[in-house]
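Position 43 (the sequence shown) corresponds to 42 in numbering that gives the first Met the number 0; numbering is contiguous.
Report on the following structure.
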Amino acid sequence: MAEVHFTGHAVESMKKRNIKPEEVIETLEDPDIKAIDTLTGHFVAVKGNGKALVVVYDARLGGIEVVTVYKASRKAQIENRLRKGRWVRV
């Protein structure tokens with residue numbers, strides 16, 4: 000896998016939400032859903048059912064830059080973004 004860099008915001012989000020870097024890397028390596036956010040242009044990787052881990056990132060020349068990380072408490076939130084076209088699978 001390409002080198003993974005975390006923005007300051009991503010690091011703060013991970014600390015606040017008790018998300019380990021290993022969980023983020025696992026989600027990036029083997030996502031259940033991979034999409035692009037049509038509003039922001041960022042890539043989105045989602046892994047897990049229930050409280051799914053959502054990793055928002057950009058692909059850079061030197062690797063991957065993780066922008067933010069959160070746990071989606073509602074599966075419907077993810078499904079709605081896909082259904083309404085906010086996120087488009089890639």
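Quick reminder that beta carbons are idealized off the backbone N, C-alpha and C, glycines included.
Give me whichever residues DSSP pairs with residue i in a beta bridge.
i   : result
H41 : Partner(s): none; H41 has no beta bridge.
A34 : V43, R88
T67 : V55
For a quick check, are the C-beta atoms of residue i and residue j less than 7 angstroms apart?
i   : j   : result
V53 : V66 : no
V94 : I77 : Because residue 94 is not part of the residues shown, which for the chain are 0 to 89, the question remains open.
W86 : A9  : no
Assign residue i to one of three DSSP states: helix, strand, or coil.
i   : result
L52 : strand
E2  : coil
G62 : strand
Whose C-beta lies closer than 6 angstroms to the C-beta of residue i among residues of the same chain, with five residues either side of it excluded?
i  : result
M0 : E28
Between the options, which lies nearest to residue i when the distance is taken from Cα to Cα?
i   : options           : result
Y69 : T6, I18, V89, A75 : I18
D31 : R73, V43, T37     : V43
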